[in-house]
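Novice:
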Ligand code: PGA
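In our numbering, the protein residues as written are 7 to 249.
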């Protein structure tokens, strides 16, 4: 069975003062019935170690160490207290030109350091409107998910680029179509493909979480804006717990 995961991606937001939001979230969910994964900026990972949540990085370098000023290796994230890392978020693909091959290499590096890779994929608005969503998903899955992926070390996050931070959410039929497609592709390629968690991401809020979690093959969410405040993220965790 896929694990249910409520994941929060703080992106480039969060100073030490904002850890109060995670303390408040921990008070509301001292022993969550689903996996809660918080991906704060790397500067806050070590400060999150005592929380009753899994902690993740937002990116890692593909190499284990070396002359790469400003980058962080997967082992460094693990050493700071992370157990997971996002790879291939669309903002990384856009801001830093990351390719599917880069994402696969980073995901393999994450696995080598014992981290779960949360591999992000999703189509742009032009691709959606051009009718190529499923072929884009196929290309990204084939290129970004390394052969060493298992349901234990890898999570797939489907995030339509046009839904990220926009308040626009696909219909539940659109989400269902893509998630079923991802499940089928994972099952063709991996012996445990049925067990991978597949998260939906893009403008998830407390008000739409329950209907998204009711969609087949949606095993949780990757949440940006609504993960920054305990008051916004707590209802999403609760909706997943009862889904
Ligand atoms: P959003 O971001 O929830 O703010 O749309 C989601 C993401 O980028 O992971």
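Ideal Cβ placement from N, Cα and C applies to all residues, glycine included.
Would you call the region 76-86 and the region 60-68 in contact, with 3 or more CB pairs under 8 Å?
Specialist: The region 76-86 vs the region 60-68: in contact.
Novice: Is it the case that the region 180-191 contacts the region 137-150, given that we only count it when at least three CB pairs across the two stretches are under 8 Å?
Specialist: Yes, since at least three Cβ pairs between the region 137-150 and the region 180-191 fall closer than 8 Å, the two stretches touch.
Novice: May I ask whether a heavy atom of the ligand PGA can be found less than 7 Å away from the beta carbon of residue 226?
Specialist: No, since every heavy atom of the ligand PGA falls outside the 7 Å radius drawn around the Cβ of residue 226.
Novice: List the whole-angstrom C-beta distance separating residue 124 from residue 200, where the pair is believed to meet the contact cut-off of C-beta under 8 Å.
Specialist: Actually they do not touch by this definition, with Cβ atoms about 18 Å apart.
Novice: Using CA atoms only, rank isn't needed, just tell me which of 34, 40 and 11 is closest to residue 236.
Specialist: Comparing Cα positions, the closest option is 34.
Novice: Which of the three DSSP states, helix, strand or coil, is assigned to residue 24?
Specialist: Helix at residue 24.
Novice: Report the rounded CA-to-CA distance for residue 205 versus residue 74, giving the unit in angstroms.
Specialist: Approximately 31 Å between the Cα atoms of the pair.
Novice: Between the Cα of residue 16 and the Cα atoms of 180, 234, 100 and 127, which residue gives the shortest distance?
Specialist: Of 180, 234, 100 and 127, the residue nearest in Cα terms is 234.
Novice: At a cut-off of 7 Å, would you count residue 232 as near the ligand PGA, judging by its Cβ distance to the nearest heavy atom?
Specialist: Under cutoff, so the answer is yes.
Novice: Tell me whether residue 124, by its Cβ, gets closer than 7 Å to a heavy atom of the ligand PGA.
Specialist: Outside the cutoff, so no.
Novice: Ignore the nearest five residues each way along the sequence and tell me which others in residue 54's own chain have a CB closer than 8 Å to its CB.
Specialist: These residues qualify, in order along the chain: 25, 28, 44, 46, 61 and 87.
Novice: Please name the residue, chosen from 83, 247, 164 and 221, that lies closest to residue 130 on a Cα-to-Cα basis.
Specialist: The residue with the shortest Cα to Cα distance from residue 130 is 164.
Novice: What number of angstroms, rounded off, separates the C-alpha of residue 202 from the C-alpha of residue 93?
Specialist: Distance between the alpha carbons of residue 202 and residue 93 is about 16 Å.
Novice: Evaluate residue 10 with the Cβ neighbour count: other Cβ atoms within 10 Å of its Cβ, from every protein chain shown; 16 or more gives buried, anything less gives exposed.
Specialist: Burial call: buried.
Novice: Assuming contact is defined by CB atoms lying nearer than 8 Å, are residue 121 and residue 83 in contact in what I supplied?
Specialist: The answer is yes: Cβ separation under 8 Å.
Novice: Can you list, in chain order, the residues of its chain with a C-beta nearer than 7 Å to that of residue 104? Leave out the 5 residues immediately preceding and following it.
Specialist: Cβ within range, chain order: 94 and 98.
Novice: Taking the straight line between their C-alpha atoms, what separation do you get for residue 243 and residue 100?
Specialist: So the alpha carbons of these two residues sit roughly 29 Å apart.
Novice: Rounded to whole angstroms, what is the Cα-Cα separation between residue 133 and residue 170?
Specialist: Each residue's alpha carbon lies about 15 Å from the other.
Novice: Mapping DSSP to helix, strand and coil, what is residue 172?
Specialist: If DSSP states are grouped into helix, strand and coil, residue 172 belongs with coil.
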